[in-house]
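Quick note: the sequence shown uses the numbering used here, first residue 1, plus one each step.
Contents: one structure, followed by commentary.
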Amino acid sequence: MRAPRTHHVEQHRSAVPGIDAMTLASTHHFPRHSHDQFGIGVIGFGAQRSWSGIGAVEAGAGDVIMVNPGEMHDGAPAGGAARGWRMIYLDPALVAGELAEEAAGPVEIVRPVAQDPLLARHFARLFAGLTAARPDRLAGEEALLRALAHVQRRHGVAPAPSGGPAPSVARALRRLDGAPELPATLAELAALSGVSRFQLLRGFAREVGITPHAYLVQRRVHLARQLLARGRTPAEAAAEAGFADQSHLTRAFLRQLGVTPGRYRRAVA
């Protein structure tokens, strides 16, 4: 018998600008996507199987899950049953500022899953402080710094120099990143990149992990998320981010982030 479908998401109002906090319990399969932020969370119950930059990984209850900004990943329940987890997303500028005294440059998380009870406890204190009705600023600052310092020491590394994607893929990425709200075609991207449509499609999927269209939808969701945080209505955000209408935004937003644009706006605007 197939397990019943479950999907419950709570977008919390965070006490710290630059940090989002979420609680999820779901059988939802998240497609390959990325975030503009660092993500740190703890699985509360069940198990999750994910594709990551180091291959397939699985996280169970008590495990810490982490992701770097821009890192492609997905998520599905292991065994079909619902899994529950809490997650915080931190803007890279905030992380860099907090770690400026300790880290000699940018930090990259090297493990998507870790069995680290001490980090899980640091996370629990941080999450509780972020979502408290009457947050204690000093306690919150300490919890944030302790959690980030632990991640940097135990699970972080200075990123290795990278030549980046191939020039043809890089040109397509610049176009999609620079104006995600504008319509795009494979012919246009191929012409910009100086290769055939087939070469661009194959090279883009190989280097980025998803197709140009899937990447464009992601960038539009990211843009809509920023617009909602600034107070735009879902309909306004959909139009400004390049979606055909609000229903298209809602489907993409829910599929990628697990929460509707309206609920997200009410939590962060």
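Backbone N, C-alpha and C fix where the C-beta goes; we use that ideal spot for every residue, glycine too.
Remember, it's a predicted structure, so these values are computed and weren't measured experimentally.
Drop a sphere of 10 angstroms on the beta-carbon of residue 73, count the other beta-carbons inside from all chains shown, and report buried for 16 or more, exposed for fewer.
-> Taking the first residue of the sequence shown as 1, we reach residue 73 at position 73. Buried.
Would you give the residue range spanned by the alpha helix (DSSP H) that residue 34 belongs to?
-> As a first step, residue 34 must be located in the sequence shown, where it is residue number 34. Unbroken run through residue 34: none, as it is neither H nor E.
Span separating the alpha-carbon of residue 1 from that of residue 27 = Here the question's residue 1 lines up with position 1 in the sequence shown. Here the question's residue 27 lines up with position 27 in the sequence shown. Any reading at residue 1 needs caution, since the residue's pLDDT is 43, under 50, leaving its predicted position unreliable; the model's value is listed next. Taking the straight line joining both Cα atoms gives about 15 Å.
Within the same chain, show all residues whose beta-carbon is closer than 7 Å to that of residue 6, passing over the 5 residues directly before and after it, in chain order.
-> Indexing the sequence shown from 1 puts residue 6 at position 6. 25, 26, 27, 82.
Let me know the alpha helix (DSSP H) ranges lying completely inside the segment 61-87, each 4 residues or longer, listed in chain order.
-> Correct list: empty.
Under 6 Å Cβ to Cβ from residue 237, same chain only, skipping five residues before and after it: list those, please.
-> Along the sequence shown, read from residue 1 onward, the residue named residue 237 stands at position 237. Contacts found: 224, 227, 228.
Taking C-alpha atoms, which residue in 205, 214, 248, 261 lies nearest to residue 232?
-> To locate residue 232, count along the sequence shown from 1; it is residue 232. Of the candidates 205, 214, 248, 261, the one whose C-alpha sits nearest the C-alpha of residue 232 is 261.
Identify whether residue 46 lies in helix, strand or coil by the three-state DSSP scheme.
-> By one-based count along the sequence shown, residue 46 stands at place 46. Coil at residue 46, not helix or strand.
Taking C-beta to C-beta, are residue 88 and residue 41 nearer than 9 Å?
-> Locating residue 88 in the sequence shown gives position 88, counting from the first residue. Locating residue 41 in the sequence shown gives position 41, counting from the first residue. Yes. Within cutoff.
Boundaries (first-last residue) of the beta strand (DSSP E) holding residue 20 | Taking the sequence shown and counting its residues from 1, the one referred to as residue 20 is at position 20. If you look at residue 20, you'll find it in the beta strand (DSSP E) that goes 19-26.
Nearest-angstrom Cα separation, counted from residue 60 out to residue 156 | Numbered from 1 along the sequence shown, position 156 holds the residue referred to as residue 156. Numbered from 1 along the sequence shown, position 60 holds the residue referred to as residue 60. So the two alpha carbons sit approximately 21 Å from each other.
Would you please state the rounded distance, in angstroms, between the beta carbons of residue 172 and residue 164? I believe it to be under 8 Å.
-> Position 172 of the sequence shown, counting from 1, holds the residue named residue 172. Position 164 of the sequence shown, counting from 1, holds the residue named residue 164. With a Cβ gap of about 13 Å, residue 172 and residue 164 do not count as contacting.
In angstroms, rounded to a whole number, what distance separates the CA positions of residue 259 and residue 154?
-> As a first step, residue 259 must be located in the sequence shown, where it is residue number 259. As a first step, residue 154 must be located in the sequence shown, where it is residue number 154. Residue 259 and residue 154: Cα-Cα distance of roughly 31 Å.
Strand pairing of residue 59, partner residues [DSSP] = In the sequence shown, residue 59 corresponds to position 59, counting from 1. Answer is 48, bridged to residue 59.
Note down the Cα distance separating residue 248 from residue 263, rounded to an integer number of angstroms.
-> Position 248 of the sequence shown, counted from the start, is the residue given in the question as residue 248. Position 263 of the sequence shown, counted from the start, is the residue given in the question as residue 263. Going by the C-alpha atoms only, they are around 16 Å apart.
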